[in-house]
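The next block holds one structure in the form of structure tokens; read it before the comments.
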Amino acid sequence: MMNSPRSPDDRSVIAFSDVTHGYGGSPLLHGVSVRIAPGSFHFLTGPSGAGKTTLLKLCYRDLVPQQGSVSVFGQETAQMDRDAVALLRRRVGVVHQDCRFLDHLTIDENVALPVTVSGRHIDPAELGELLAWVGLSRRAGALPAELSGGERQRAALARAVITAPEILIADEPTGNLDWDMSLRLLTLLVELNRMGKTILIATHDLNLIRAAKTQVSARVLRIANRRVELAGADL
Amino acid sequence: MTRVFDHVIAVIAGRGPANRIVPPSGATVWPTVLAAGAMAFLAVFALSVALATDRLADRWADSLAHSATVRVTVAPDQADQAVDSVLRILAQTPGIAEARALDQQEISQLLAPWLGAELPLEDLPLPRLIEIRETDAGFDAESLRLRLSAEVPGAELDDHARWRRPLVLAAGRIRALGMVSLGLIVAAMAAMVTLAARAALAANRQVIEVLRLVGARDAYIARAFVRRFTHRAGTGALVGTLVGMSAIALLPGPAQEGAGFLSGLGFRGAEWLLPLVIPVVAAIVAFAATRAAARGALREVQ
Ligand SMILES: Nc1ncnc2c1ncn2[C@@H]1O[C@H](COP(=O)(O)OP(=O)(O)OP(=O)(O)O)[C@@H](O)[C@H]1O
Ligand SMILES: [Mg+2]
């Protein structure tokens, strides 16, 4: 144990330790320490502009904390070289708030992208199954610009899980969805959690959180006063 | 090193997965191909000039090696003394590396093709010959001629080959210019590919960001651009080279008398293989330039 670099965070897949981060001016996050256990289901809430997206970006090393440290899978993100960052992102699936597709590729190509860039070949049957799972079988050949907001978000979810990542991070995944579609997406996320994935979702939608709590034991982190606190059961 | 090699092989073979990942950057295609083609065309000419002047300089330098002789035509009994005087004068003349009197046998050998080997040359009043090898700087022929005529009557300087000396110098310079031109062409090609690659990388900044977000390594992303520009520059240069070689092949051959230097401007025999190196060099230059540009651009993306 003594010399193990992972010793403080052995049981967490994501560990923030005294993290302070901002974009000039006063920091958005100040002295934040958070642990995310493997296989857990977390929501992240807070008012718009509180820093939810920023916190998620720290998790997949789109950002490096200005102070403190973020460790993912026991590895400190600030210490990773560029190839290590690439490998980290294959183990952490992300549904971005603005989806971020390649506009010149079709939906199935976009969904397969994380596999393609890792130099492997995608099994077409597997890809078809995944598209069916998010209800996009008939839109596979469409370009991203031709999809509705909800279709884009489901495609983004499919892309996020195609490498079978251990952690799934979703930033406002139901932002563009009606209630029925939100529930369908939630069901997909709960399914993934039952398969053992660690789930972290940023959302404003308290109804979504309530609905989730009827299906899994989800915990709610809230950003308030530049800190992250565990919200009570009184939502 | 083996990774770089695999990379090169993948590019040449047109393999590699990143083909469609980066959108076709149409705007940079034709400028790149055209510039590479034009550069290769110029390179063919620079190469042929360098080779032609090289040959010419060799030939001229050969004849310069024994560029002058002094002929001593005096009565046989005074010949040895006269030759000694000439040798003494030559030894004092600056710019002469070596002066040597040919012996009777060497003179016989020189004359044999004209007079026949059996002729008893000993009986003929042959002139004596002194061969001069000059230094690179050369000697002053006019003052040597004056001094010889004053001090050794019957000694005559024959420097018919010396007029080529400035030409040999010029040929050396032209060859050097050809080499410099080749170097400049390579540099211009590298600069041009760098510019085109930077433009393509900047235009695809968002694509690069998404690729990094879904877990692409830098090498993978760089490869998509490197393949593209290596292929374009190589193809353009191949066409330019072939056109340039055809143009050279159509020049009047050495059969036409009096064409002189111009007729020497082609490639000879195996030299025809040399310009085929140009597209390979172009591809290597494009490969290296794009790789460097891609590394720079990737450093700005997380
Ligand atoms: N790259 C950036 N440069 C400067 N400021 C930024 C940058 N990214 C975010 N911010 C600012 O930081 C604050 C927090 O942004 P962030 O996107 O983390 O908020 P959020 O909680 O996700 O908000 P929302 O719920 O609206 O998505 C905002 O005020 C935003 O304007
Ligand atoms: Mg946000």
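Sequence order for the protein chains is A and B.
Numbering-wise (our numbering), the first sequence opens with residue 1 and increments by one.
Numbering-wise (our numbering), the second sequence opens with residue 1 and increments by one.
C-beta atoms are modelled at their ideal positions from N, C-alpha and C, and glycine is treated no differently.
For Arg291 of chain B, no CB of chain A lies under 8 Å from its own CB, so it is not counted at the interface with that chain. Counting the other Cβ atoms within 10 Å of the Cβ of Tyr220 of chain B gives 16 or more, which makes it buried. Think of a sphere of 9 Å around the beta carbon of Ser48 of chain A: no beta carbon from chain B falls inside it, the nearest being about 23 Å out. Sorted by chain position, residues whose beta-carbon lies closer than 7 Å to a non-hydrogen atom of ligand 2 are A:Lys52, A:Thr53, A:Gln97, A:Asp171, A:Glu172, A:Ala202. Scanning the stretch 142-189 of chain A for uninterrupted alpha helix (DSSP H) segments of 4 residues or longer gives 149-161, listed from N- to C-terminal end.
The alpha carbon of Leu87 of chain B has as its nearest neighbour, out of B:Ala294, B:Ala99, B:Val210, the alpha carbon of B:Ala99. For the pair Gly215 of chain B and Ser118 of chain A, the CB atoms are nearer than the 8 Å cut-off. Spanning the alpha carbons of Gly46 of chain A and Arg152 of chain A requires a straight line of approximately 24 Å.
By the beta-carbon neighbour count (other beta carbons within 10 angstroms, threshold 16), His121 of chain A is exposed. Straight-line measurement puts the Cα of Ala156 of chain A at about 14 Å from the Cα of Met181 of chain A.
An exposed status is given to Val180 of chain B, since fewer than 16 other beta-carbon atoms sit within 10 Å of its beta-carbon. Short of 7 Å from the beta carbon of Ala188 of chain B, and not among the five residues preceding or following it, lie these beta carbons of its own chain, in chain order: Met39. At the C-beta level, Gly172 of chain B and Thr135 of chain B stay beyond 8 Å of one another. Ala50 of chain A has its CB nearer than 7 Å to a heavy atom of ligand 1. Remark: the shortest separation between the CB of Tyr23 of chain A and any heavy atom of ligand 1 falls under 7 Å.
In this structure Pro76 of chain B is exposed. Its beta-carbon is surrounded by fewer than 16 other beta-carbon atoms within 10 angstroms. Secondary structure of Glu129 of chain A (DSSP, three-state): helix. Against chain B, the beta carbon of Ser118 of chain A has neighbours under 7 Å at Gly215, listed in chain order.
Your pair Ala202 of chain A and Leu56 of chain A checks out as a contact, with CB atoms roughly 6 Å apart and the cut at 8 Å. In the DSSP assignment, the residues bridged to Glu229 of chain A are A:Arg222. In the DSSP annotation of this structure, the continuous segment of the beta strand (DSSP E) that includes Thr198 of chain A starts and ends at 198-202. Within the chosen limit of 7 Å, ligand 1 does not reach the beta carbon of Gly149 of chain A with any heavy atom.
Taking a 10 Å sphere around the C-beta of Thr53 of chain B, we find 16 or more other C-beta atoms and assign the residue as buried. Straight through space, the alpha carbons of Arg20 of chain B and Thr290 of chain B are spaced by roughly 18 Å. Note on Thr214 of chain A: under 16 other CB atoms within 10 angstroms of its CB, so exposed under the neighbour-count rule. With contact defined as three or more Cβ pairs closer than 8 Å, the stretch 59-72 of chain A and the stretch 188-205 of chain B are not in contact.
Looking at the DSSP output, Phe43 of chain A shares a beta bridge with A:Ile201, A:Val220.
In terms of beta-carbon proximity, Arg228 of chain B stays away from the interface with chain A, with every pair separated by 8 Å or more. Contacts between Leu113 of chain A and chain B, judged by CB atoms closer than 7 Å, involve Val214 in chain order.
Take the alpha-carbon of Leu185 of chain A and the one of Leu127 of chain A: they are about 18 Å apart. If you draw a straight line from the Cα of Pro23 of chain B to the Cα of His231 of chain B, it comes to about 16 Å. The beta carbons of Val13 of chain A and Thr163 of chain A sit no closer together than 8 Å. At a cut-off of 7 Å, the beta-carbon of Gly178 of chain B does not count as near ligand 1: no heavy atom of the ligand is closer than that. Taking a Cβ-Cβ threshold of 9 Å, none of the residues of chain A is close to Arg205 of chain B; the smallest such distance is about 13 Å.
Counting the other CB atoms within 10 Å of its CB gives Leu177 of chain A a total of 16 or more, which places it among the buried residues. Judged by pairs of C-beta atoms under 8 Å, the stretch 216-232 of chain A touches the stretch 40-54 of chain A, as three or more such pairs exist.
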